[in-house]
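Q: One structure is given below, represented as structure tokens, and several questions about it will come after.
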Amino acid sequence: MSEFLDSSPYDERLEKIEIEGLLEAVFKRYGYDFRNYAYPSLRRRIWHRALIEQLETVSMLQNLVLHDREAFERLLADLVIPVTEMFRDPGLFKALRERVMPILKQSSFVRVWHAGCATGEEAYSMAILLDQIQMLNKSRIYATDISEASLQRARQGIISQDRMTLYAHNYELSGGSEPFASFYETNHGQAMLNPRYLERIVFAEHNLVTDRSFNEFQIIFCRNVMIYFDTALRERVHGLLYDSLSPGGFLVLGNKESVAFTSFAGRYETWNDEYRIYRKLR
Ligand SMILES: C[S@@+](CC[C@H](N)C(=O)[O-])C[C@H]1O[C@@H](n2cnc3c(N)ncnc32)[C@H](O)[C@@H]1O
Numbered sequence: 013m014s015e016f017l018d019s020s021p022y023d024e025r026l027e028k029i030e031i032e033g034l035l036e037a038v039f040k041r042y043g044y045d046f047r048n049y050a051y052p053s054l055r056r057r058i059w060h061r062a063l064i065e066q067l068e069t070v071s072m073l074q075n076l077v078l079h080d081r082e083a084f085e086r087l088l089a090d091l092v093i094p095v096t097e098m099f100r101d102p103g104l105f106k107a108l109r110e111r112v113m114p115i116l117k118q119s120s121f122v123r124v125w126h127a128g129c130a131t132g133e134e135a136y137s138m139a140i141l142l143d144q145i146q147m148l149n150k151s152r153i154y155a156t157d158i159s160e161a162s163l164q165r166a167r168q169g170i171i172s173q174d175r176m177t178l179y180a181h182n183y184e185l186s187g188g189s190e191p192f193a194s195f196y197e198t199n200h201g202q203a204m205l206n207p208r209y210l211e212r213i214v215f216a217e218h219n220l221v222t223d224r225s226f227n228e229f230q231i232i233f234c235r236n237v238m239i240y241f242d243t244a245l246r247e248r249v250h251g252l253l254y255d256s257l258s259p260g261g262f263l264v265l266g267n268k269e270s271v272a273f274t275s276f277a278g279r280y281e282t283w284n285d286e287y288r289i290y291r292k293l294r
């Protein structure tokens, strides 16, 4: 791979033409629009797939995915990065408990959107927080992603055994007091999120690039998704998120993300700078 990525005789301009061609072809053939994703990461992932498929050029990969849906699914799996965990960034969940949940508790009903939810662990965590303020039955959590494979996994509510210690530790650091073991049931050696959490979550396919807003929410999480987008696409998605938030609603971003440098900066109050919580001005 490094042969192509580093000191390659492969012409960079030619490579760019081919990558653009591949993205155009994927969009036209399958409707997935990666044309405005950040180029360096996209390029790395495309080459990763091309080399596994034992192809020498991106055009060859284009040819393959155009004619073979399964090859496209393999490329798609490389382009989406479903990394997540329960109570990821525990400090954020602590800040939510202390500074956001008391406000949500005043609502008669809370709609939550996890945009780019991957395999669902962030939505599971939010269901637990809502339960702890007796709001679970007065809320609906929408958890969306472009990856149907990730959503299928999310709907199962399986908590990986090998990540259990990490999740329990994150939960404790987030200020949780009940034992982590009370959130799941063990079935045939597998830990399953308690169904009462799962039944409040709707998992659905939604593409932030091509789909529209579908409701109004009191809180939206869109963490570690827009880091893969270029500036223009980020701006567009911020518009979608802003339009989907109710006045006074909260936007939660990843720890390397911000509303600063978008045209929406002045329309939010920074609620917690460290953990990237913003509140839409009324
Ligand atoms: C790194 S994960 C972040 C998961 C979770 N938000 C977190 O921070 O733990 C990024 C997710 O964004 C999803 N994604 C990428 N592009 C997307 C798009 N255009 N629309 C919706 N989801 C997208 C990927 O499929 C992946 O599951």
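What the sequence shown shows, in the working numbering, is residues 13 to 294, in sequence order.
Note that CB positions come from ideal geometry on N, CA and C, so glycine has one too.
Treat the numbers as computed from the prediction; the structure is a model and nothing was measured.
1) DSSP on L265, reduced to helix/strand/coil?
2) Secondary structure at E286, three-state DSSP: helix, strand or coil?
3) Please confirm if the region 223-231 is in contact with the region 257-277, defined as three or more CB-CB distances below 8 Å between the two stretches.
4) From the DSSP output, read off the bridge partner residues of R291.
5) From the DSSP output, in three-state form, read off V122 for me.
6) Using a Cβ-Cβ cut-off of 6 Å (strictly less than) and excluding sequence neighbours within five positions of W125, which residues of its own chain qualify?
7) To the nearest angstrom, report how far apart W283 and A161 are at their CA atoms.
8) Check whether the Cβ of V264 lies closer than 7 Å to any heavy atom of ligand 1, and answer yes or no.
9) Taking 7 Å as the limit between beta carbons, can you name the residues of its chain near I140, skipping five residues before and five after?
10) Which residues share a DSSP beta bridge with V214?
11) Taking the C-alpha atoms as reference points, what is the distance between L88 and M72?
12) Identify the continuous alpha helix (DSSP H) that holds A166 and give its terminal residues.
13) Could you compute how far the alpha carbon of M13 sits from the alpha carbon of L67?
14) Indicate whether A166 and T131 have their beta-carbon atoms separated by less than 8 Å.
15) Using C-beta distances below 6 Å, list every residue in its chain close to R294, excluding the 5 sequence neighbours before and after it, in chain order.
16) Kindly indicate the opening and closing residues of the alpha helix (DSSP H) around A89.
17) Taking the straight line between their C-alpha atoms, what separation do you get for S172 and T198?
18) Return yes when at least one heavy atom of ligand 1 lies under 7 Å from the C-beta of I158, else no.
19) Leaving out the 5 sequence neighbours to the left and right, which residues in its chain are closer than 6 Å to E30 when beta-carbon positions are compared?
20) Let's test the definition: count the other Cβ atoms within 10 Å of the Cβ of E292 and tell me whether it reaches 16, buried, or not, exposed.
A: Taking the definition as stated:
1) For the purposes of this step, residue 265 is taken as the residue at position 253 of the sequence shown. Correct three-state label for L265: strand.
2) By one-based count along the sequence shown, residue 286 stands at place 274. Here E286 sits in coil by DSSP.
3) yes
4) On the sequence shown, residue 291 is found 279 positions in, with the first residue counted as 1. Answer is F262 and E281.
5) Locating residue 122 in the sequence shown gives position 110, counting from the first residue. If DSSP states are grouped into helix, strand and coil, V122 belongs with the strands.
6) For the purposes of this step, residue 125 is taken as residue 113 along the sequence shown, with counting starting at 1. Excluding residues within five positions, the ones whose Cβ falls inside 6 Å are Y154, F229 and I232.
7) Position 271 of the sequence shown holds residue 283. Position 149 of the sequence shown holds residue 161. Cα-Cα distance, rounded: 34 Å.
8) Within the sequence shown, numbered from 1, the residue matching residue 264 stands at position 252. No, the Cβ of V264 stays beyond 7 Å of every heavy atom of ligand 1.
9) Walking along the sequence shown from the start, residue 140 turns up at place 128. Excluding residues within five positions, the ones whose Cβ falls inside 7 Å are F195 and Y209.
10) Here residue 214 corresponds to residue number 202 of the sequence shown, with the count starting at 1. Paired residue(s): Y154.
11) Numbered from 1 along the sequence shown, position 76 holds the residue referred to as residue 88. Numbered from 1 along the sequence shown, position 60 holds the residue referred to as residue 72. C-alpha separation (whole angstroms): 16 Å.
12) Within the sequence shown, the letter at position 154 stands for residue 166. E160 to Q168 is the span of the alpha helix (DSSP H), which, as asked, contains A166.
13) Position 1 of the sequence shown holds residue 13. Position 55 of the sequence shown holds residue 67. Any reading at M13 must be qualified, since the residue scores a pLDDT of 48, below 50, and its modelled position is unreliable; the value itself is stated next. Using only the alpha carbons, I get a separation of about 11 Å.
14) The residue given as residue 166 occupies position 154 in the sequence shown. The residue given as residue 131 occupies position 119 in the sequence shown. Cβ atoms of A166 and T131: closer than 8 Å.
15) Translated into positions along the sequence shown, residue 294 becomes position 282. Correct list, in chain order: P259 and G260.
16) For the purposes of this step, residue 89 is taken as residue 77 along the sequence shown, with counting starting at 1. R81 to L91 is the extent of the alpha helix (DSSP H) around A89.
17) For the purposes of this step, residue 172 is taken as the residue at position 160 of the sequence shown. For the purposes of this step, residue 198 is taken as the residue at position 186 of the sequence shown. Each residue's Cα considered, the two are about 11 Å apart.
18) Numbered from its first residue, the sequence shown carries residue 158 at position 146. Correct: I158 has its Cβ closer than 7 Å to ligand 1.
19) Counting from 1 along the sequence shown, the entry for residue 30 is found at position 18. Excluding sequence neighbours, E30 sits near V70 and S71.
20) Taking the first residue of the sequence shown as position 1, residue 292 is located at position 280. A small fix is needed here, since residue 292 is Lys in this sequence, not Glu. Flag for K292 reads buried.
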